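Presented below is the structure to which this report refers.
Residue numbers (the numbering used here), protein chains in the order written: chain U, 1 to 76; chain P, 77 to 310.
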């Protein structure tokens with residue numbers, strides 16, 4: 001195990017490169033996921049405030065229903 | 077164009093997001109085992125060569141993403157298609173992060189190999205310029221509020237930045253640099269041994285899956301933003 005971690009003296013360089021990469025991946029994934037959830041939530045809130053006439057107009061666009069169902073499922 | 081049906085794209089992304097995430101994690105795990113455990117050390121660089129398995133795929137993908145963005149920006153100018161603008165915008169965040177990873181891991185690799193964290197070598201300098209172009213692109217979307225202007229400015233940034241791509245690619249052939257000439261060639265035999273090529277290919281696949289995942293999530297975010305504005309106009 002110690003041999004694996006030390007990598008003949010290069011362990012610090014090798015693992016810091018891999019850890020930096022993984023931290024960036026995780027950070028980017030979490031930021032983009034947060035932005036997506038925030039927009040879905042905003043959409044669901046705005047949709048909930050529409051009156052019946054506007055809801056029927058909005059429902060004519062299939063994508064609005066898709067976004068709404070996605071935001072409902074993401075809360076479960 | 078049915079291909080650009082936003083509702084279908086949105087539903088496709090929602091359906092397959094988790095599948096792509098799981099697939100990415102499986103390929104990444106395989107790649108990490110290959111890169112850190114199975115692949116041999118280099119006869120000259122020793123174990124430090126393992127940094128190649130994160131550095132090289134990041135550099136390849138950052139170049140690929142910027143080239144795609146430049147190509148899409150030319151199409152945006154030609155066809156004025158809003159969907160192409162969303163696609164280009166959604167590609168940028170992962171491209172920027174991959175460029176940053178390539179620069180930082182390259183710097184970490186430089187210390188044991190060249191004895192320095194940084195050198196104004198042609199390849200490194202042109203990669204830094206690419207990183208700045210990504211940064212300018214992302215900042216332009218935040219700074220400019222007029223939609224028509226921002227589309228023109230961001231498209232111009234990517235088209236001008238695209239001139240840097242062949243310079244990055246051929247910098248190692250045109251100038252005497254610290255970087256070695258490319259070991260992997262599509263049209264002729266590669267100089268890299270199979271035992272190192274396999275982990276490199278697996279890690280590249282994992283990184284490509286990650287950029288696809290981020291692109292799809294970002295694309296959906298942008299679509300919902302537009303639809304949010306649409307609800308305001310009702």
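For each residue, glycine too, the CB sits at the ideal point set by N, CA and C. This structure is a prediction, so every number in the text was calculated from the model and none was measured.
Cut-off 7 Å between Cβ atoms - residues of its own chain near residue i, not counting five sequence neighbours on either side
i                      : result
residue 213 of chain P : 168, 230, 233 and 234
residue 76 of chain U  : The predicted position of residue 76 of chain U is uncertain, since its pLDDT is 42 and thus under 50; a value taken from the coordinates is nonetheless stated next. Closer than 7 Å at the Cβ level, and outside the excluded window around residue 76 of chain U, lies no residue.
residue 125 of chain P : 117 and 118
residue 217 of chain P : 165, 226 and 230
residue 254 of chain P : 190, 195 and 197
residue 271 of chain P : 115 and 116
residue 106 of chain P : 278
residue 111 of chain P : 126, 129, 275 and 279
Contacts that residue i makes with chain U (C-beta to C-beta distance below 9 Å)
i                      : result
residue 173 of chain P : 24, 25, 27 and 28
residue 296 of chain P : 36, 39, 40, 67 and 70
residue 169 of chain P : 28, 31 and 32
residue 122 of chain P : 7, 8, 9 and 10
residue 286 of chain P : 25, 28 and 29
Close Cβ partners of residue i (< 8 Å) along its chain, the five nearest in sequence each way excluded
i                      : result
residue 295 of chain P : 85, 89, 162, 163 and 166
residue 227 of chain P : 152 and 161
residue 61 of chain U  : none
residue 26 of chain U  : none
residue 293 of chain P : 89 and 93
Neighbourhood of residue i by C-beta, 6 Å cutoff - its chain only, sequence neighbours within 5 removed
i                      : result
residue 120 of chain P : none
residue 152 of chain P : 160, 161 and 231
residue 280 of chain P : 133
residue 205 of chain P : 240
residue 250 of chain P : none
residue 11 of chain U  : 5
residue 36 of chain U  : none
residue 175 of chain P : 138, 206, 207 and 210
Proximal chain U residues relative to residue i, where beta-carbon distance stays under 7 Å
i                      : result
residue 293 of chain P : 32, 33 and 36
residue 188 of chain P : 10 and 13
residue 249 of chain P : Per Cβ cutoff of 7 Å: no residues; residue 249 of chain P is ~26 Å from chain U at best.
residue 180 of chain P : 20
residue 130 of chain P : 17, 18 and 21
residue 127 of chain P : 13, 14 and 17
Contact set between residue i and chain P, taken where Cβ atoms lie within less than 8 Å
i                     : result
residue 63 of chain U : 82, 83, 86, 299 and 303
residue 16 of chain U : 184
residue 46 of chain U : 304, 307 and 308
9 Å Cβ cutoff, residue i in contact with chain A
i                    : result
residue 7 of chain U : In the structure shown, chain A does not exist; the protein chains are U and P.
Residue i CB to nearest heavy atom of the ligand NAP below 8 Å
i                      : result
residue 229 of chain P : What this structure holds is no ligand at all, so the ligand NAP is not there to describe.
Strand pairing of residue i, partner residues [DSSP]
i                      : result
residue 118 of chain P : P:122
Where residue i meets chain U, residues with beta-carbon distance less than 8 Å
i                      : result
residue 176 of chain P : 24
residue 137 of chain P : Under the 8 Å cutoff, chain U gives no residues; its nearest Cβ is about 12 Å from residue 137 of chain P.
residue 290 of chain P : 28, 29 and 32
Meets three-Cβ-pair contact criterion under 8 Å: the segment 195 to 215 of chain P and the segment 20 to 40 of chain U: The segment 195 to 215 of chain P and the segment 20 to 40 of chain U do not touch, with fewer than 3 CB-CB distances between them shorter than 8 Å.
So within the segment 271 to 302 of chain P, which uninterrupted alpha helix (DSSP H) runs reach at least 4 residues, ignoring any that extend past its ends? Correct list: empty.
Using 8 Å as the cut-off, can you tell me whether the segment 217 to 225 of chain P makes contact with the segment 130 to 147 of chain P, which would need three or more C-beta pairs spanning the two stretches below that distance? Judged by Cβ distances under 8 Å, the segment 217 to 225 of chain P makes no contact with the segment 130 to 147 of chain P, as fewer than three pairs qualify.
Using 8 Å as the threshold, is the segment 91 to 106 of chain P in touch with the segment 268 to 287 of chain P, meaning 3 or more CB pairs across them? With contact defined as three or more Cβ pairs closer than 8 Å, the segment 91 to 106 of chain P and the segment 268 to 287 of chain P are in contact.
Those runs of the alpha helix (DSSP H) which lie wholly inside the segment 87 to 164 of chain P and span at least 4 residues: As summarised for the segment 87 to 164 of chain P, the continuous alpha helix (DSSP H) elements at least 4 residues long and confined to that stretch are 128 to 155, given in chain order.
Within 8 Å, do at least three Cβ pairs link the segment 12 to 26 of chain U to the segment 180 to 194 of chain P? The segment 180 to 194 of chain P vs the segment 12 to 26 of chain U: in contact.
For the segment 7 to 51 of chain U, which segments carrying the alpha helix (DSSP H) assignment without a break, of at least 4 residues, lie completely within its bounds, in sequence order? With a minimum length of 4 residues, the continuous alpha helix (DSSP H) runs that stay inside the segment 7 to 51 of chain U are 11 to 48.
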